[in-house]
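Chemist:
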Amino acid sequence: MITQAYEKLKQLNFDDFGTIYIGYVGVPEYGCLSNEMVSGFVEDYLLKTEDIGNELSEVLNELFIIDNDTSRDDVLNLLRKVVNTLNIDISKSSHKWLLVCLDLKLNGLSLDPMYGLLELSNFWIDWGQPNNSPHMIQGVNNDVDASDYYTEENYKKMIDINYDWLKLELSKERSN
């Protein structure tokens, strides 16, 4: 599943060392990027980038030659060095993954309101229910009764709210 999410990330031009780092650490429900994916990203980066400082060049060369036998800790340490050297805001990188995963989730929800709302609620719980989350989880900071929450009407409303939020957040990311 991580491959599908990573492809979507690349389609949106969200792939950078911050998102690679987050993806390597692991994305809720989707898993972790592989060493091969990291090495492939580094190869593309090196082909596109002309001026790389000496400190960064050494680390990128090490990342470029990683293989399946390279330990995850070693790769994480190298990625952490790149993120620190480039002064990347990891919270923004995590947000990009959230947007990609929400898009995939919304497009794969169950048609049944009860199961779909549970899937959507579990998604937001897995992502730590960010303060700006558009989703309302039944019984969390509200007194909505289950008989009202798990209706077709509310399900459609929650999907629309999540799609609207996703579109707004994607437009913000693209303008940065």
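Taking my numbering, the leading residue of the sequence shown gets 7, the next gets one more, and so forth.
Beta carbons are placed, not taken as given, at the ideal position from N, Cα and C, and that holds for glycine.
(1) Judging by CA-CA distance, which residue of 40, 153, 152 is the nearest neighbour of residue 77?
(2) Which residue from 68, 84, 157 puts its Cα closest to that of residue 120?
(3) Please name the residue, chosen from 36, 95, 135, 14, that lies closest to residue 23 on a Cα-to-Cα basis.
(4) Classify residue 54: buried if its beta carbon has 16 or more other beta carbons within 10 angstroms, exposed otherwise.
(5) Contact between the segment 69-76 and the segment 31-38: three or more CB pairs below 8 Å?
(6) Is the beta carbon of residue 171 sitting closer than 8 Å to the one on residue 140?
(7) Going straight from the alpha carbon of residue 45 to that of residue 71, what length do you get?
(8) Return yes when the Cβ of residue 123 is within less than 8 Å of the Cβ of residue 161, no when it is not.
Modeler: Put simply:
(1) Nearest Cα to residue 77 within the set 40, 153, 152: 40.
(2) Ranking the options by Cα distance to residue 120, first place goes to 157.
(3) The option with the nearest alpha carbon to residue 23 is 95.
(4) Label assigned to residue 54: exposed.
(5) Touching, no, given that fewer than three Cβ pairs across the two stretches are closer than 8 Å.
(6) Between residue 171 and residue 140, the CB-CB gap stays under 8 Å.
(7) Residue 45 and residue 71: Cα-Cα distance of roughly 7 Å.
(8) Yes; because the gap between Cβ atoms is below 8 Å, this pair is in contact.
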